[in-house]
Each structure stands twice: as structure tokens, then as C-alpha cells.
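The number in my numbering is simply the position in the sequence shown, starting from 1, with 262 added.
Every residue, glycine too, gets a C-beta built ideally from N, C-alpha and C.
For reference, the structure discussed in these notes is given below.
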Amino acid sequence: MTKQSLLDFVLDHVERIPDKPAALSKVDGRYQPISWRELWDRARRVGRGLVAAGVEHGDRVNIVCNTRLEWVITDLGILAAGGVTVPIYPSNLADECAYVSQNSGARLVLVEDDSQAEKFRRVRDELPDVLKVVQMTGEVGDSSDGWVISIADFYARGDEVDDQTLAARSAGLSPESILTLIYTSGTTGRPKGVVLTHGNLIYEAEVVEKMGIIEAEDIQLLFLPLSHSFAKVIEAAW
263 MTKQSLLDFV LDHVERIPDK PAALSKVDGR YQPISWRELW DRARRVGRGL
313 VAAGVEHGDR VNIVCNTRLE WVITDLGILA AGGVTVPIYP SNLADECAYV
363 SQNSGARLVL VEDDSQAEKF RRVRDELPDV LKVVQMTGEV GDSSDGWVIS
413 IADFYARGDE VDDQTLAARS AGLSPESILT LIYTSGTTGR PKGVVLTHGN
463 LIYEAEVVEK MGIIEAEDIQ LLFLPLSHSF AKVIEAAW
């Protein structure tokens with residue numbers, strides 16, 4: 263069966279091997295597994311939160327986060343909501359974050375911690391289209407106006423969205439749908455957003471599979487930031 267979106271790879275694993283480890287992440291100094299079932303459950307919770315926050319099909323959503331399990335879960339959640347992931351390097355300065363967010367037309371931003379949220383507070387006046395900034399970890403700093411919210415609040419609002427609504431979003435994806443905008447380093451000027459579709463990454467993943475570069479039982483150690491295009495290929499082939 264022809265795959266319509268990158269999510270089809272994940273759903274295939276959830277159906278065939280739901281309790282097998284999908285990833286290992288370091289917790290208290292030890293690598294702990296997460297199953298495909300749990301990974302998808304957590305991604306759907308992110309997706310429901312996005313729908314509740316007002317993200318529509320095709321809307322851009324920024325992720326500002328170091329390479330960690332939550333990045334992948336958030337990415338899959340954006341796709342589940344029919345959105346487009348636009349990563350921002352966590353090393354970017356506030357004005358650089360503002361440029362990518364504004365240029366991509368982002369409607370919502372998910373940040374790793376309060377230090378990243380603070381960058382967006384500084385440039386809020388430049389981001390009138392951003393509905394919310396969601397902080398994944400730690401205590402939220404200045405949240406008096408409700409623009410920056412905790413992940414717990416984000417999830418609580420999303421719990422009111424039913425699974426059928428979320429499923430309809432991902433069902434609307436096709437190989438021609440935009441998957442991500444990856445902003446180049448911009449050596450001679452402002453970075454430019456490179457469009458990658460679901461079809462682009464489906465092709466890459468299928469080639470990796472056919473060539474036997476990554477086998478089913480292989481464990482990949484990803485060092486690259488997930489904002490990087492090659493890291494995206496590895497994520498797709500996983």
C-alpha cells in the first residue's frame with residue numbers, strides 16, 4: 263500500500279510491533295526504552311493540544327529544542343494535527359528566532375525550557391500571529407498574560423479534543439503535503455526556508471530500507487541536531 267504521509271511508517275510499527283522499543287532516551291544516567299504504542303500515544307496528546315490551541319491543517323509550528331525524545335514526540339504530534347514542523351536551532355539568538363518564526367508564518371511555538379521561552383518574550387511584538395508559546399520542561403517564568411504556558415496546561419486543553427477529530431487531520435495528509443520547512447544557515451544573508459514534502463521523506467526512507475542501510479534491530483545514535491536535514495532523514499528511516 264502506497265504511503266500517504268510520514269506518519270504511515272509510525273502507524274505501521276504501532277500496528278505490527280506496538281510493545282517493541284521505538285527509542286531509548288537517557289533518564290537519570292540510564293537509557294530507558296519507550297514502546298511504539300507509548301510513543302504514538304504521547305504524540306497524539308501533543309496533536310490534540312495543538313488542535314485545542316487553534317492550529318489548523320497546514321499551519322506552521324516551531325520547535326526550539328535540543329536533540330531529545332520530546333523533540334521527536336512533538337514533531338510527530340505536529341504531523342498528527344496536520345501541521346508543518348519548522349525547527350529553530352536552540353543556539354539561535356532572539357532576533358534570529360523571531361525571523362524564522364515570522365518568515366515561516368508560525369502559529370505556535372514549542373520550546374524546551376524557560377531560557378528558550380525568554381527569547382520569544384523579548385520579541386513578542388514582532389510575532390503577532392503566534393497564538394501561544396508552550397514550554398516543555400521546567401517552571402514557566404513570566405506567564406501573567408497567558409502567552410507562555412506550561413506543557414501541563416497545553417495537555418489539559420488538548421484532552422478535550424477527541425481522537426476522531428485528530429484522526430481526520432492526519433487523514434488529510436498526502437505525499438504532496440508540506441512536511442517541514444528547514445531554514446538554511448544563511449552564510450551571505452538571512453536563512454531561507456527549504457520545503458520538504460511528505461513524499462520527499464517517504465522516498466528517502468524507502469531508499470534507506472531497500473539498500474539495507476538500517477536494519478530492523480539496529481540502534482541508531484543520533485548526534486546531529488534534529489533541526490538538521492540529514493537528521494530528518496534518519497528520523498524518517500527509523
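Asked                                                                                                                                                            : Found
Around the Cβ of S353, are there at least 16 other Cβ atoms within 10 angstroms (buried) or fewer (exposed)?                                                     : exposed
Within this structure, are the beta carbons of Y465 and G311 separated by less than 7 Å?                                                                         : no
Start and end of the beta strand (DSSP E) containing A285?                                                                                                       : P283 to V289
Looking at the secondary structure, which residues open and close the alpha helix (DSSP H) in which G345 lies?                                                   : That residue, G345, is in no alpha helix (DSSP H); it is neither H nor E in DSSP.
Look at the alpha carbon of G420 and the alpha carbon of A343, and state the distance between them as a whole number of angstroms.                               : 11 Å
For L341 and L268, which I take to be in contact (beta-carbon distance under 8 Å), what is that distance rounded to the nearest angstrom?                        : 6 Å
How many Å lie between G511 and Y445 at the Cα?                                                                                                                  : There is simply no residue 511 to check, as the chain begins at 263 and stops at 500 in what is shown.
Can you give me the C-alpha to C-alpha distance between V326 and R292, rounded to a whole angstrom?                                                              : 25 Å
Find out if the Cβ-Cβ distance for the pair L435, L458 is shorter than 7 Å.                                                                                      : no
Taking only three categories from DSSP, how would you classify L370?                                                                                             : strand
Contact between the segment 281-289 and the segment 385-398 is defined here as three or more beta-carbon pairs at a separation below 8 Å; is this criterion met? : no
Short check: CB of K394 to CB of A315, under 7 Å?                                                                                                                : yes
Measuring CA to CA, which of T329, L389, T347 and G367 is closest to A356?                                                                                       : L389
Quick check: the Cα distance between E374 and K472, rounded to an integer number of angstroms?                                                                   : 35 Å
Checking 7 Å against the spacing of the C-beta atoms, do G339 and A360 come in under that value?                                                                 : no
Helix, strand or coil, according to DSSP, for Y351 in the structure here?                                                                                        : coil
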